[in-house]
Amino acid sequence: MAAARNPTRTVKAGTIQIGGGAPIVVQSMCATRTKDIDLTVAQAERLRGAGAGLVRIAIDNDRDAEALIEIRRQTKANLVVDLQENYPLAVKIAPHVDKIRYNPGHLHHVEKEKSVEDKVRWLVSIAKEYGLALRIGVNCGSAAPEFLERYQQDHLEALVQSALCHADLMEKFGFSNFVVSLKDSDPNKVVQANRRFAAARPDVPLHLGVTEAGLPPDGIIKTRIAFEQLISNGIGDTVRVSLTLPNDRKHEEVMAGLQILKDIKEGRFVSVPNFGKGLNIISCPSCSRVENERFVELAEKVKDLTAYAKKHRLTIAVMGCRVNGPGETDDADLGLWCGPTTVHFKRRSRELGVFGYDEILARLKTELDRLIREQNSPAVPC
Ligand code: SF4
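For the sequence shown, counting from 1, position 359 maps to 809 in the working numbering; every step adds exactly one.
Here it is in structure tokens:
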């Protein structure tokens with residue numbers, strides 16, 4: 451039985467429509483280096499061929515922006531650009547894309563003298579000039595500092611209020627061609643955050659995703675948990691399944707997304723009540739920011755190595771880059787993020803050091819064993 455959808459507005463991005471009763475759009479993201487035009491075009495086309503209505507590309511610098519011109523020429527995919535900390539690049543890439551995603555939590559990194567409101571006004575003016583869609587992409591690991599400060603006791607509310615505030619800014623500047631996303635690596639938090647936002651703004655189309663869901667099949671199961679609960683209640687207009695996969699299998703993200711949507715539409719719900727109660731491994735889906743291609747292999751090895759600890763309620767995070775790695779591992783018991791030749795390692799907020807790709811697994815096991823011993827040891831009386 452098809453779920454009744456929230457009455458969201460229609461947002462246009464290239465040849466597709468998001469919201470307004472249109473079929474839910476599955477999207478994905480290239481993990482190739484953007485400046486490697488041939489590989490990026492090939493991956494964008496493969497994602498499009500698998501059924502991706504939108505293909506996202508990361509642009510971090512002028513070289514990526516120049517490569518985008520040629521990528522645009524060579525692919526028919528509807529392109530979304532992901533702006534991380536360098537939002538002024540929007541002016542360079544706008545003529546060559548259909549949609550821009552910005553993260554409210556990253557706007558403060560550059561041009562610190564300008565207000566967030568002025569930066570959003572400028573982004574909106576670019577989107578209007580080039581007929582683009584925008585995505586306000588709020589992420590658990592990089593919430594805007596002013597909202598974290600205001601909602602110190604409720605991290606989810608900080609995310610929701612940040613998204614609501616930016617949606618209000620869009621409208622203040624006379625712009626409605628935008629969608630919102632609220633992502634976390636915990637599917638239950640994704641459900642709660644999106645429910646809260648949709649209750650306040652049922653008219654705004656939502657892009658759903660469980661960020662850093664990790665390797666399949668666990669990453670697909672986590673995503674399913676969130677999508678089943680949201681989409682069956684009418685929430686969600688476009689989705690991405692973020693999986694850690696090698697480049698030649700990246701299109702499996704799209705296949706997984708289509709399958710989940712089909713199952714929900716046909717009433718096939720996969721109940722996994724105890725999923726996530728034991729060892730939780732989160733890993734990012736990788737993107738052009740990965741500086742060492744051994745990242746995916748490392749994530750797979752971490753999963754294999756730690757299988758013996760699957761009953762322990764611990765979280766290990768494996769991230770592909772130094773840009774988002776430190777923030778995205780903050781909530782994990784053990785966090786790893788990849789640099790060009792080394793892997794950074796931390797235990798909760800404490801940095802444990804930097805290790806070679808051939809050393810890190812032994813170091814991880816030592817620290818995991820220590821955590822397990824501490825979990826098992828009786829509480830010390832005070
Ligand atoms: S953590 Fe880094 S490499 Fe992984 S998806 Fe995020 S930005 Fe890309």
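Ideal Cβ placement from N, Cα and C applies to all residues, glycine included. The structure presented is a predicted model; accordingly, all values stated were derived computationally and were not measured.
State yes or no: is the C-beta of residue i within less than 8 Å of the C-beta of residue j?
i      : j      : result
LYS753 : GLY728 : no
HIS558 : PRO595 : yes
ALA583 : PHE623 : no
SER631 : HIS657 : yes
GLY770 : PHE745 : yes
GLY501 : VAL660 : no
Name the two residues that bound the continuous alpha helix (DSSP H) containing residue i.
i      : result
ALA749 : 744 to 755
HIS616 : 605 to 622
ASN638 : 637 to 650
To the nearest angstrom, report how far apart residue i and residue j are at their CA atoms.
i      : j      : result
VAL505 : GLU743 : 21 Å
ALA749 : GLN603 : 32 Å
ARG772 : GLY789 : 6 Å
LEU680 : ASN638 : 10 Å
LYS700 : LEU764 : 28 Å
LYS796 : LYS815 : 13 Å
THR673 : ALA782 : 19 Å
LEU598 : ALA663 : 23 Å
SER405 : ARG820 : Lying outside 451 to 832, the shown extent of the chain, residue 405 is not represented and no answer is given.
ASN510 : GLU535 : Rather than Asn, the amino acid found at residue 510 in this sequence is Asp. Going by the C-alpha atoms only, they are around 8 Å apart.
ARG483 : THR694 : 16 Å
ASP653 : ARG459 : 6 Å
LYS549 : GLU824 : 48 Å
ARG690 : ASP808 : 32 Å
GLY464 : VAL475 : 13 Å
GLU563 : GLU516 : 28 Å
CYS737 : GLY707 : 18 Å
What does residue i pair with, by DSSP beta-bridge criteria?
i      : result
GLU801 : LYS796
LYS462 : GLN467
ALA583 : LYS549
TRP787 : MET769, HIS794
ASP634 : VAL660
I want to check one thing, is the minimum distance from the CB of residue i to the heavy atoms of ligand 1 below 7 Å?
i      : result
GLU778 : yes
CYS737 : yes
GLY464 : no
VAL773 : yes
VAL740 : yes
CYS480 : no
GLY555 : no
CYS734 : yes
GLY770 : yes
Starting from residue i, follow the beta strand (DSSP E) in both directions and report where the run begins and ends.
i      : result
THR688 : 688 to 690
LYS485 : Where LYS485 is concerned, there is no enclosing beta strand (DSSP E), given that its DSSP letter is neither H nor E.
ILE838 : Residue coverage of the chain in this structure runs from 451 to 832, which leaves residue 838 outside it and unanswerable.
ASP532 : 529 to 533
Just to check, is the beta-carbon of residue i closer than 7 Å to a non-hydrogen atom of ligand 3?
i      : result
GLU516 : Annotation note on ligand 3: not contained in the displayed structure, which lists ligand 1 as its ligands.
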